[in-house]
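Following the UniProt record's numbering, the numbering of the sequence shown begins with 1 at its first residue and continues without gaps.
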Amino acid sequence: MQSSTHQDRAASTSWIHAVLLLQPMEKLRQIGEVMGSLRGLMVFQEEIRINRSQCVLLVDALNLAFEVITDEIKHTLSFDERLTPKWKALEHPLQELHRICRDAEEYLRQCMEPRSWWIAALTLGHSADCVELHLHSLLWCVPVVLEAVEAAGEIAGRDQDSMHRRRVAVSKKYEKEWLDPALFQHQYGRQHLVNRHLCGRMDAARREDRWALLDMIAEKKASAKTTVLSKQELRLADLVAGSKEKLFPSRVMVASKDYQVKRRLGSGSHYKEVQWMGESFAVRHFFGDIEPLVPEILKLAALAHPNVLPLFCAFSDDERKECFLLTELMQRTLCSHIKESCGPRRRAPFPLPVVVDVMLQIARGMEYLHRRGICHGNLNPSTILVRTRGSSPDGYLSVKISGVGLSTVKNLKTSTAQGATINPCIWFAPEVLLEQEQASGERSRNTEKADVYSFAMVCFELLTGKVPFEDGHLQGDKMSRNIQAGERPLFPFPTPRYLVGLTKRCWHADPSQRPGFSAICRVLRYIRRFLLLNPDHGAPEAPNPPLDYFDLEVALSRRFPAWAAAEAATPVPQVPFQMFAYRVMEKERTCVSMKERSSESGSDGASMCGDESVFGGGGMAEDTFAVPMPAASLKPPLQFGASDVGKKPPGKKTVSRKAGRGPSKILSHLSL
């Protein structure tokens, strides 16, 4: 009997082990299932009436990604080893890719099967989600999946010679000679979905869809003589066509038969949930002199980013001096979501990958606003809205920044979800608090670096589940003075040090030492890559990145001056190259560190790393900064143009290559 029990346990353990090992293959099958669904939908692509060009572009990019990844798996890994730990590295990257594919399918269905064409035209016709959300996620994820395949390929099979050749091939891929955007696009553009054809389509698809939408509205209005269009439909046609150019009479919405106020949102009276044309929206309702606000309202209406709350349309009544701003309805504020997730013990609210994803979404929204010349000035968990993603049972959120602009009508006394006891000064940068004191409490001038400080405080609450300074004894003026003197909240011990370091850089006392949001986004993307490739981040002895990624950012910003430009923002097609550049730099610096350790021990263990540094010199470890240096203090950056690639650095030996295979040969071809 006892022997039978042991056998049952062994069989159960073996079955569980087999199921766990099957997961990478199962995830690949699930991705293929979604791709089959997308291909089935695209049989009727001519029926897509909203954002057709963007939908076709998205499906084409997904098809190419699936083709590239499956080809790489087929030629790198062994099918017979799919149930062994050798495939384990693919599990989490493929799971992330599966989530991205499901989100893309949901977007396609929204454009293809809207409940109301007019609502879809109003809410999706100006959206940038195709490129800025779905393609951004895809272009970020594909390099991580390919890297996981490369890692699995280094231990695939039993032939030591084949394994060695694969390792050499991977090391050649990440050589410094490829650190040029034109070279990268030529050599790896198709593999990373950024060849010239796809990049051109990314740039043009949204404009094409906007023109097609306006043409469709013009046709509907022109056919009004022969077809029956109600007065409401004619008003909606004008509304959809001109929602970003002017304010419309409030009666277009309020006097509609299907307009209904459902409830008030938050503790103030400015925000309401309404139902209109069968859809739920949030409306910001306020009174005052509207005319001076019109330019700012139209500026906000022109914003289009997946991480900024969209303003679909604005309505006004000049006689009653009231204004209605129609926006997307989200579930709750980040503030209330953290409170609900933490519970009474105030533990960390989310899994670490979800936290980093939320941080990246906030940073991307702020990067977009700063690129448009807009500073927030009041970034905190109560002005960040969230909604659970329908296709993500693992807790991932959709994040949108609200509270942008219209400072003259902001309800500054609205309490947060944690209660009115929270001192608002905890979110403000020291220089902002000082300016408020000197201006006798008047609202200070917003700056980009002050927003970065506020972002750091939001990150602290995300990572710890605690409101900054909530454990402290200082309140009121004392808290403000201590913040100006350099006091910051303390992280609990388990918080990953690489995220602690990033947060501390962002709340640096000197604004010039704080990074910009473009740099923050690049670092957070690479941290997300690290978490996908190292899924044991929740373990007590979880691994840390081998290097400080902000040191890589500083060094690469010196090589590529456009990265460090104050107004720089990352176009989506540049994301794969930036990920690649980080990988090249990380590999090079790790090799330098290995060489130094091996030279101290008298061994030669770093022979695979090569003999050259990314910057043509050997002192890379000296280029590490505790805090990024101000741009003015940096030496002139090394220009890395096409004419310089492949040249022999003085005093260095070059590695011989076969004719036609090296980067210099490719550059000769590109220059023809």
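The beta-carbon is built from N, C-alpha and C at its ideal position, and this holds for glycine as well.
For the beta strand (DSSP E) holding I384, just list the boundary residues, first then last. Bounds of the beta strand (DSSP E) holding I384 are I384 to T388.
Per the DSSP calculation, V283 is bridged to which residue(s)? Assignment of beta-bridge partners to V283 by DSSP yields K272 and L326.
If V355 and I527 are in contact, beta carbons under 8 Å, what's the gap, nearest whole angstrom? Going by Cβ atoms, the distance from V355 to I527 rounds to 10 Å, so no, they are not a contact pair.
Identify, in the order they occur along the chain, each residue of the same chain with its Cβ nearer than 6 Å to the Cβ of Q30, setting aside the five sequence neighbours on each side. Within the same chain, H98 come within 6 Å of Q30 by CB-CB distance, once the 5 residues on both sides are set aside.
For L64 versus L193, is the C-beta spacing smaller than 8 Å? Yes; because the gap between Cβ atoms is below 8 Å, this pair is in contact.
Does C335 come out as helix, strand or coil in the three-state DSSP assignment? C335 falls in the helix class under three-state DSSP.
At the level of alpha carbons, what is the spacing between K246 and E291? It is roughly 11 Å from the alpha-carbon of K246 to the alpha-carbon of E291.
Using the C-alpha atoms, what's the distance from F315 back to Q438? If I take the Cα positions, the gap works out to 38 Å.
Going by alpha carbons, who is nearest to T495 out of M479, K478, S512 and E461? Selected option, being the one with the closest Cα: E461.
Closest to V458 by C-alpha separation, out of W507, R251 and V592, would be which residue? When each option's Cα is compared against that of V458, the closest is W507.
Pop quiz: D209 and S53 are said to be a contact at Cβ under 8 Å. What is the actual Cβ separation, rounded to whole angstroms? So it is a contact: roughly 5 Å between Cβ atoms.
Whose CA, out of R488, P511 and L57, lies closest to the CA of V500? For the residues R488, P511 and L57, the minimum Cα distance to V500 belongs to R488.
Starting from the Cα of V43, find the closest Cα among E322, Q23 and L108 and give me that residue. Closest by alpha carbon: L108.
Say whether the region 389 to 405 touches the region 356 to 374, bearing in mind that this needs 3 or more beta-carbon pairs closer than 8 Å, one atom from each stretch. These segments touch.
Which of helix, strand or coil does DSSP assign to V467? For V467, the secondary structure class from DSSP, reduced to helix, strand or coil, is coil.
Going by the DSSP bridge assignment, what does E506 pair with across the sheet? Looking at the sequence provided, one finds Cys at residue 506 rather than Glu. Residue pairing for C506: DSSP places it in no beta bridge.
8 Å contact criterion, which V386 and R445 should meet: CB distance rounded: Contact flag wrong, Cβ pair sits at about 29 Å.
Which residue wins for smallest C-alpha separation from V131, given the options C199, E147 and S230? Of C199, E147 and S230, the residue nearest in Cα terms is C199.
Would a C-beta distance cut-off of 8 Å place E431 and P511 closer than the cut-off? Taking 8 Å as the Cβ cut-off, E431 and P511 qualify as a contacting pair.
Considering only their Cβ atoms, is the gap separating E154 from R166 smaller than 8 Å? The answer is yes: Cβ separation under 8 Å.
Assigned exposure category for S454 - 16 Cβ within 10 Å defines buried: Counting Cβ neighbours within 10 Å, S454 comes out buried, since at least 16 surround it.
According to DSSP, is V500 part of a helix, a strand, or is it coil? V500 falls in the helix class under three-state DSSP.
Are the CB atoms of I338 and P349 nearer to each other than 8 Å? Contact flag set, yes.
My assumption, with CB atoms under 8 Å, is that V34 sits in contact with R102. Please give the rounded CB distance. About 6 Å; that satisfies the 8 Å criterion.
Using the C-alpha atoms, what's the distance from K88 back to G373? Approximately 45 Å, taken between the alpha carbons.
Own chain partners of F577 with C-beta closer than 7 Å, once the 5 adjacent residues on each side are dropped: So the list reads P181 and F184, once near-sequence residues are dropped.
Here's the rule I'm using: 16 or more other beta-carbon atoms within 10 Å means buried, otherwise exposed. How should F493 be labelled? By the neighbour-count rule (16 or more Cβ atoms within 10 Å), F493 is not buried but exposed.
DSSP three-state label for P249, please. Note: P249 maps to strand in three-state DSSP.
Tell whether a beta-carbon distance below 8 Å holds between W178 and Q187. Closer than 8 Å, so yes.
Per DSSP, which residues does A314 bridge with? Please list them. Note: A314 is bridge-paired with L325 in the DSSP secondary-structure output.
Thinking F312 and S250 are a contact (beta carbons under 8 Å), I'd like their distance in whole angstroms, please. F312 to S250, Cβ: 14 Å. No contact.
Quick check on DSSP: helix, strand or coil for L183? Note: L183 maps to helix in three-state DSSP.
Given this structure, state the Cα-to-Cα distance separating G403 from M112, to the nearest angstrom. For G403 and M112, the distance between alpha carbons rounds to 31 Å.
Between the region 120 to 130 and the region 299 to 311, can you find at least three pairs of beta-carbon atoms closer than 8 Å? With a cut-off of 8 Å, the region 120 to 130 and the region 299 to 311 count as touching, because enough Cβ pairs lie within range.
Could you check what DSSP says for K400 in three-state terms: helix, strand or coil? Strand.
Please classify T464 as buried or exposed, where buried requires at least 16 neighbouring CB atoms within 10 angstroms. When all chains shown are included, T464 counts as buried.
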